[in-house]
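Scroll down for the structure; my scribbles are underneath it.
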Amino acid sequence: MTKRAVIVGAGFGGLHAARVLANREIDVLLIDRNNYHTFTPLLYQVATCGLEASEIAHPVRPVFRGAGNISFLLAEVTSIDTAGQVITVRMSDGDDREREEQYDYLILAAGSVTNFFGNEQVKANSFELKSLDDSLALRNHILRLFERAVWTQDSDARQALTTVVVVGAGATGLETAGALYELYAKVFQREFAGLTPRIVLVEATDKVLAPYPEELRSAAREQLESLGVEVRLGAPVVEAASNYVVLKDGSKIGTHTLIWAAGVKASPLADMLGVKLERGGRVRIKPTTEVEGLERVYVVGDMAYLEDAHGQPYPMMIPVAKQQGVLAAENILRDLKGWQPHEFRYIDRGIMATIGRSRAVAYIFNRIKLRGYLAWIAWLTLHLIALLGFHNRLAVFLHWVWNYFTFDRSVRVILGDQPEKAPTMQVEA
Ligand SMILES: Cc1cc2nc3c(=O)[nH]c(=O)nc-3n(C[C@H](O)[C@H](O)[C@H](O)COP(=O)(O)OP(=O)(O)OC[C@H]3O[C@@H](n4cnc5c(N)ncnc54)[C@H](O)[C@@H]3O)c2cc1C
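Under our numbering, the residue at position 149 of the sequence shown is numbered 129, and the numbers go up by one with no gaps.
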């Protein structure tokens, strides 16, 4: 009888696993709570009015149109029974209907969630940047704040409306801070007379872009500061409210926009496996991507914990997720043939981050250091190639060209139904 694989998550790990299994001698059920795949590296450009949401998301069903053995289910996984080889799913649209899906092989690729390190006060007052919904909520929020600032007489209250605090100086924090500054200083300032933008990037440690070599770290910081972003290192957030943030050095920043880009942890689905979890709630896997102690259960991407030859866990990044997804699927095909599984060999092509127009740093193959315009061109090219779907690539390319030559951001419609995440705004008129 034909065996059945269930893949949870149509992100980078899950989608690549499914592609390997397409049109092979196995039935595959691919499950995701969204009907689309999200290209996370450009989420911040949706939030900062540079791109449309649909340009960085690709519906899942068309990807597998030509693969008769793959079906897709829009659903949320609610429980996993590894002994019975069954998972329970619920429809993703708020409907309470549940059903069980049997599997012979399970690949879990449900990614990660924002880590607030248990600080509920920060969580209640922060914007996240993990999903398209998060990006749209943030975009609406910042567009609304500028319109509110026009109604506000008190200068401190007005400044708080046009101040953003971004927490976490990793690639996401840097890219978001840079893009926000450009939006505020190059676009909004031409249209909202008398408003002064202020973007503060706050980091608990003493480094920006921790995994980069020192030379590129200081280049990134210089480029960010030359743009106009204030960088506050060694300054963790100790208190947050809807209209201010307090840092450890005692400084209080008036703001209605706190963006939390300071950490992630594995999807809570990891807890359902009943195995001991590693740091960040990640599931320890064997080099074959199978979970230690569980047969035919594979975990890949951000959820997985696997150490490299130096004892360091592989980073929560797209290339790791893609390569582990491919390996898990290949190992399932090998298992069907009774062959021994292969082990993970990470092909690391390097890291890069953009800081704004013509500003970026890149560490290619962990050998070649690029900064400034050249690194920025490399970043643009790589992200265009990596986007899923020709239509999206073309749309993003055209938007980038338009934004570059006009110094404008064209996606600036406030959508009425998007909820404001921040609690009641305290704005003095
Ligand atoms: C803003 C941002 C920028 C980033 N930039 C970069 C970058 O430039 N380069 C880089 O290498 N990495 C980047 N990353 C990290 C990268 O996105 C992750 O490492 C990668 O997406 C991990 O792939 P994954 O398959 O494990 O999870 P994901 O790609 O996150 O996919 C998980 C999927 O599982 C689904 N899912 C989750 N829970 C459930 C459930 N209970 N039921 C059903 N479906 C579920 C989700 O909807 C999602 O589609 C960035 C991340 C973010 C948030």
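Here a beta-carbon is modelled for each residue, glycine too, at the ideal position from N, C-alpha and C.
With which residues is residue i paired in a DSSP beta bridge?
i              : result
isoleucine 331 : Tyr343
methionine 71  : Ala55
isoleucine 50  : Val8
arginine 212   : Val182
alanine -15    : Val8 and Tyr85
proline 293    : Glu287
arginine 79    : Val69
tyrosine 224   : Gly234
arginine 264   : Tyr285
histidine 38   : His17
aspartate 61   : Val66
glutamate 270  : Tyr278
glycine 336    : Arg339
valine 93      : Lys245
isoleucine 449 : It is not possible to answer for residue 449, since the shown part of the chain is limited to -19 through 409.
leucine 257    : Val263
So, for residue i: in the same chain, excluding its five sequence neighbours on each side, which residues have a beta-carbon less than 7 Å away from its beta-carbon?
i             : result
histidine 38  : Tyr16, His17, Leu368, Gly369 and Asn372
glutamine 304 : Gly(-7), Thr269, Val280, Gly281, Ala284 and Phe324
threonine 94  : Glu108, Lys110, Trp240 and Val244
lysine 166    : Phe387
threonine 20  : none
arginine 264  : Glu258, Glu272 and Tyr285
threonine 58  : Thr68, Val69, Arg70 and Glu78
Should residue i be flagged as near chain C, meaning a C-beta pair shorter than 7 Å?
i          : result
alanine 37 : No chain C is part of this structure, which consists of one protein chain only.
Does the Cβ of residue i have 16 or more other Cβ atoms within 10 Å, making it buried, or fewer, making it exposed?
i              : result
alanine 409    : Any reading at alanine 409 must be qualified, since the residue scores a pLDDT of 37, below 50, and its modelled position is unreliable; no value is offered.
isoleucine 67  : buried
tyrosine 384   : exposed
serine 51      : exposed
tyrosine 353   : exposed
threonine -18  : exposed
valine 376     : buried
glycine 153    : buried
asparagine 345 : According to the sequence provided, residue 345 is phenylalanine. The question's asparagine does not apply to it. Classification for phenylalanine 345: exposed.
serine 92      : buried
proline 403    : For proline 403, the predicted model reports a pLDDT of 41, less than 50, meaning its position is unreliable and no value from the coordinates is stated.
valine 381     : exposed
arginine 79    : exposed
tryptophan 359 : buried
valine -12     : buried
histidine 121  : buried
glutamine 203  : buried
Suppose the cutoff is 6 Å on Cβ atoms and the five residues either side in sequence are ignored; what does the same chain contact list for residue i look like?
i                 : result
phenylalanine 168 : Phe126
leucine 118       : Ala27 and Phe107
histidine -4      : Lys302, Gly305 and Val306
alanine 104       : none
tyrosine 192      : Tyr343
tyrosine 83       : Arg(-16), Val(-14) and Gln65
leucine 86        : Val(-14) and Val277
serine 390        : none
leucine 54        : Asn15 and Ser72
glutamine 406     : Because glutamine 406 carries a pLDDT of 47, less than 50, the predicted location of this residue cannot be relied on, and no value is offered for it.
valine 147        : Val182, Val217, Trp240 and Ala242
glutamate 210     : Val180
For ligand 1, I want to know if residue i counts as a neighbour, meaning its beta carbon is within less than 6 Å of at least one of the ligand's heavy atoms.
i                 : result
glutamate 56      : yes
leucine 367       : no
isoleucine 298    : yes
lysine 110        : yes
serine 247        : yes
glycine 330       : no
proline 21        : yes
threonine 152     : yes
alanine 200       : no
asparagine 14     : yes
phenylalanine 107 : no
aspartate 315     : no
Would you kindly report the start and end of the unbroken alpha helix (DSSP H) that includes residue i?
i                : result
histidine 17     : Run containing histidine 17: none in the alpha helix (DSSP H); it sits in the beta strand (DSSP E), 16 to 18.
glutamate 219    : First-last for glutamate 219: 217 to 220, but that is the beta strand (DSSP E), not the alpha helix (DSSP H).
proline 299      : 298 to 316
threonine 152    : 151 to 162
serine 115       : 112 to 130
threonine 413    : Residue 413 lies beyond the residue range present for the chain, which begins at -19 and ends at 409; the question has no answer from this structure.
phenylalanine -8 : -8 to 1
leucine 23       : 23 to 27
Starting from residue i and walking both ways along the beta strand (DSSP E), at which residues does that stretch end?
i            : result
arginine 351 : 348 to 351
tyrosine 278 : 277 to 279
lysine 245   : 244 to 246
valine 145   : 143 to 147
Considering only residues of the same chain and omitting the five flanking positions on each side of residue i, which have a CB-CB separation below 8 Å?
i              : result
asparagine 311 : Thr268, Thr269, Glu270, Tyr278, Pro321 and His322
glutamine 139  : Thr176, Arg178 and Gly234
aspartate 251  : Leu257 and Gly261
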